[in-house]
Amino acid sequence: MTGSTTSPFTADDYRARMERAAAAAADAGLAGLLVAPGPDMVWLTGYAPPAVTERLTLLVLAPGRTPVLVVPTLEAPDAAKAPGASAMSLRDWTDGKDPYAATAALLDVDGRFGISDNAWAMHLLGLQKALPGTSYASLTDALPMLRGVKDAAELRLLAAAGAAADRTFEEIREVRFGGRRESEVAADLAGLLRRHGHEQVDFTIVASGPNGADPHHEAGDRVIQRGDMVVLDFGGLKDGYGSDTSRTVHVGEPTDEERRVHDLVREAQEAGFRAVRPGVPCQDVDRAARAVIADAGYGEYFIHRTGHGIGVTTHEPPYMIEGERQPLVPGMCFSVEPGVYLPGRFGVRIEDIVTVTEDGGRRLNTTTRGMVIVE
Ligand code: ZN
Ligand code: ZN
Ligand code: ZN
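Rendered as structure tokens:
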């Protein structure tokens, strides 16, 4: 999570976000939103507690009211320095007092509240006990697009994170792969991401040979061999905004089949990208990419959705998945990352972050999508 000091946003930006969120909650039939520490709180206030502990920290948003941050007294000085602090009032509670009673006093209505998906169960149970007239809904279910459409400043940060990930790829393709462990190449990736400005590395997948057939494979002890395909998928947060890109490289000359599968995934990725346009349902991006792979007879080997949103986290709505009818809106930002996974043999995945523009899509990753041969 980003520290509050790196935020480029002003208190007015945070005030506008909190007002928009409260209005969206009302539109969704909710009495308000209860936001726990995590991505929503960072996006709404710029505040991330120094450590998330059992002590209750909760942002209370309700239409027409000043936002209130319920915060442990010992952390109140930190919260007061958050970039969005002047757009909310702080209500601190000291050890030994009941934080749920303090929160309940702010919610003097019965009703249904949206609560962060990552709120601790003990806090939700405490609120339910203090406020028997209230009920709760998942904030992400109720307002899936709360953070979905990025403004110009957010898009600049996402583009900068993407450019840093691209520089990481340009440098990793020059290192030696053959004869080294996946974990060593993964450490190189993490170092490069940090050197190019990431304060947080979320994942550095290096999946060589048969490991490439497992989309969730993390880097392990396997020694990379000449002749291996190697799926690279890496990203994290730079200045609070995410990067996430995949390229599949080959150690030495690939076989015809390896080239064919790589070309197929590249074509599917291109088809998914070309489907991006305002008004198009998310599922159409998935369908466009999937059709290319299915038509070539590899449909059963594309075993995940085509993409996920990205912002202050590296995985969030909107999802490019069958059944998601949410129309694309300019400013949305998400991955297009089809793959083919041949069990016991190899895998290929190609992933770019794409943002929706007025007349199509724009890639935030621009390294070659052609097969790269490494040593
Ligand atoms: Zn090979
Ligand atoms: Zn990825
Ligand atoms: Zn991804």
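Taking the numbering used here, the leading residue of the sequence shown gets 1, the next gets one more, and so forth. Beta carbons: idealized from backbone N, C-alpha and C, even for Gly. Since the structure is predicted, the reported quantities are computational estimates derived from the model, not experimental observations.
Rounded C-alpha distance that separates residue i from residue j
i    : j    : result
D352 : P338 : 10 Å
R369 : V249 : 10 Å
A105 : A16  : 25 Å
F234 : L189 : 7 Å
Y298 : P254 : 19 Å
V201 : K97  : 38 Å
D284 : F169 : 29 Å
I172 : A152 : 30 Å
L30  : D117 : 15 Å
T377 : V149 : The requested residue 377 does not occur in the structure, where the chain is confined to residues 1 to 375.
P343 : P210 : 7 Å
F9   : G309 : 21 Å
R176 : Y14  : 45 Å
H217 : L90  : 43 Å
R259 : A137 : 48 Å
M395 : P278 : The question about residue 395 has no answer, for the chain in this structure spans 1 to 375.
T5   : H262 : Interpretation of T5 is limited by its pLDDT of 45, a score under 50 that renders its predicted location unreliable; the figure taken from the coordinates is listed afterwards. Taking the straight line joining both Cα atoms gives about 43 Å.
S335 : G220 : 25 Å
G3   : D286 : Bear in mind that a pLDDT of 42 at G3, under 50, signals an unreliable position, so the model cannot answer this.
V35  : L131 : 17 Å
V230 : I205 : 9 Å
R147 : D256 : 43 Å
L158 : A165 : 11 Å
Residue i, buried or exposed, once every other Cβ within 10 Å from all chains shown has been counted against 16
i    : result
T306 : buried
G212 : buried
W122 : Correcting the residue identity first, residue 122 is Met in this sequence and not Trp. Under this definition M122 is an exposed residue.
E316 : buried
A22  : buried
G240 : buried
T66  : exposed
G64  : exposed
Contacts around residue i, its chain only, beta-carbon distance under 8 Å, and the 5 residues preceding and following it disregarded
i    : result
T129 : According to the sequence shown, residue 129 is Lys rather than Thr. Closer than 8 Å at the Cβ level, and outside the excluded window around K129, lie Y100.
V265 : T248, I293, P338, G339, V340, V348, R349 and I350
L414 : A question about residue 414 goes unanswered here, because the residues of the chain that appear run from 1 up to 375.
A11  : P83, G84, A85, S86 and A87
Span of the alpha helix (DSSP H), counted from its first residue to its last, around residue i
i    : result
R305 : Run containing R305: none; DSSP gives neither H nor E here.
M371 : Premise fails: M371 is in no alpha helix (DSSP H) and is neither H nor E.
Beta strand (DSSP E) segment containing residue i, residue limits
i    : result
R362 : G360 to R363
R345 : It is not in any beta strand (DSSP E) - R345 carries neither H nor E in the DSSP assignment.
P411 : What is shown of the chain runs 1 to 375, which leaves residue 411 out entirely.
V70  : V68 to P72
P83  : It is not in any beta strand (DSSP E) - P83 carries neither H nor E in the DSSP assignment.
E316 : E316 to M320
F334 : C333 to V336
T357 : D352 to T357
L56  : No beta strand (DSSP E) contains L56, which DSSP labels as neither H nor E.
Heavy atom of ligand 4 within 7 Å of residue i beta-carbon
i    : result
P254 : Inclusion of ligand 4 in the displayed structure is not the case, the ligand content consisting of ligand 1, ligand 2 and ligand 3 alone.
Contacting residues, own chain, Cβ-Cβ under 6 Å from residue i (five flanking each side not counted)
i    : result
C282 : P318, M320, E324 and Q326
V223 : R181
G361 : F273, V276 and V354
V372 : R173 and V249
Same chain only: Cβ atoms within 7 Å of residue i, ignoring 5 sequence neighbours per side
i    : result
F203 : D233, F234 and G235
Y301 : V340, Y341 and L342
A82  : S4, T45, G46 and Y47
V109 : A31
S135 : R112
Taking the runs of the alpha helix (DSSP H) that are 4 residues or longer, which of them lie wholly in the stretch 90-174?
-> 99-104, 121-130, 139-142 and 152-172
Enumerate, from N- to C-terminal direction, the unbroken alpha helix (DSSP H) stretches of 4 or more residues contained entirely within the stretch 196-282.
-> 256-274
Let me know the beta strand (DSSP E) ranges lying completely inside the stretch 21-47, each 3 residues or longer, listed in chain order.
-> 32-35
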